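Residue numbers (my numbering): 8 to 316. Take a look at the structure below.
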């Protein structure tokens, strides 16, 4: 398969601290790639590396089949739009002036007004074309959409968004989610979206890369993830340590997960038999709840928990 973005043992360190260790990522055309990880897991470092903002200590990346070790990488990076950490907009300027400034940066000199108007329409901000309202008076969601409009001016084939839903209210999250889906389906734009808000990513992503402590733990399609989200049994007990020790003897390590109130048992189990063994071992059971496991459960089972995903 030909990939729009691929990394090869991509690694980065600051001093003696390796913040990224041999990351091998694969993003195909048309993917909405959800890049999942706790805060500090290395998501933004990967994005800075593949956009050329920083350089790797080891390994390399390729965009559209072109290695970042060649001069041609500067040419193909023009096919990429990126918002790293937050949109680079001038808060004292209106949307129109921000987009005119971006056209100048990109060297766009023909049909500037038409391209700006189309970009605003694409992100649902067409009403801002003729106003002087400064971006500083925009909601966070409107600023994110303006940032995406600025990225669209370069007619990108890949858009990279770093935590685009951070700080947004529910309405703003819905707007950004619907915009990503629209641009992916109507313009066939590939997305790399980093986030720790897993439930929101699950509504847009077609593929996931799960990163923890600088290592890419897993790449998985949305369908494969759906198949992995197994039935879950939450067992609550005041004897949490004793319960977890017993489960480690009775079940494979990837079939249970310690929680604050006890433990989650993941997958199909003979529940009556398991509960009887727990009772026979002298572990008090306060309550048992059965439900389908979520993307958060799957993430925690891969990374060992203990973080805000």
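Where a beta carbon is used, it is the ideal one built from N, C-alpha and C, also for glycine. It should be emphasised that the depicted structure is a prediction, and the values quoted were computed from it without experimental measurement.
In the DSSP assignment, residue 261 forms no beta bridge with any residue. Nearest C-alpha to residue 45 among 56, 295 and 224: 224. With a 10 Å radius around the Cβ and a threshold of 16 neighbouring Cβ atoms, residue 97 comes out exposed. In this structure, residue 159 keeps its C-beta atom at 8 Å or more from the C-beta atom of residue 136. In the structure shown, the three-state DSSP call for residue 251 is helix. With a minimum length of 4 residues, the unbroken runs of alpha helix (DSSP H) contained wholly in the stretch 55 to 89 fall at 80 to 83. Within the DSSP bridge table, the entry for residue 145 names no partner. The three-state secondary structure of residue 23, taken from DSSP, is coil.
Two segments are said to touch when three or more pairs of C-beta atoms, one from each, lie closer than 8 Å; by this definition the stretch 195 to 213 touches the stretch 161 to 168. Secondary structure of residue 97 (DSSP, three-state): coil. Here residue 238 carries a strand assignment [DSSP, helix/strand/coil]. The C-alpha of residue 20 lies about 7 Å from the C-alpha of residue 27. The Cβ-Cβ distance between residue 306 and residue 204 does not fall below 8 Å.
Straight through space, the alpha carbons of residue 259 and residue 237 are spaced by roughly 15 Å.
Beta-carbon to beta-carbon, residue 25 and residue 289 are separated by about 44 Å, too far to satisfy the 8 Å threshold. Taking 8 Å as the upper bound for CB-CB distance, residue 244 and residue 269 are in contact here, some 5 Å apart. Residue state for residue 308 is assigned as helix, using DSSP reduced to three classes. Nearest Cα to residue 64 within the set 23, 171, 51 and 92: 23. In the structure shown, the three-state DSSP call for residue 138 is coil. Taking 8 Å as the upper bound for CB-CB distance, residue 280 and residue 246 are not in contact here, some 19 Å apart.
Its chain contains 102, 149, 152, 153 and 156 as the residues whose beta carbon lies nearer than 8 Å to that of residue 132, once the 5 sequence neighbours on both sides are disregarded; these appear in chain order.
C-alpha of residue 128 to C-alpha of residue 192: approximately 16 Å in a straight line. The shortest C-alpha to C-alpha distance from residue 41 to any of 100, 206, 120 and 106 is the one to 206.
Short of 8 Å from the beta carbon of residue 229, and not among the five residues preceding or following it, lie these beta carbons of its own chain, in chain order: 209, 212, 213, 214 and 215. Between residue 99 and residue 143, the CB-CB gap stays under 8 Å. An exposed status is given to residue 287, since fewer than 16 other beta-carbon atoms sit within 10 Å of its beta-carbon. Contact annotation: the stretch 163 to 183 touches the stretch 50 to 64, with at least three C-beta pairs closer than 8 Å. Apart from the 5 residues on each side of it in sequence, residue 265 sits with its Cβ closer than 6 Å to the Cβ of 251 in its chain, given in chain order.
A Cβ-Cβ distance of about 18 Å is found for the pair residue 51 and residue 31, leaving them out of contact under the 8 Å criterion.
Within its own chain, the residues whose Cβ lies closer than 8 Å to the Cβ of residue 70, once the five positions on either side in sequence are excluded, are 11, 12, 57, 80, 83, 84, 86, 87 and 165, listed in chain order. Partner residues in the beta bridge of residue 270, as assigned by DSSP, are 242 and 265.
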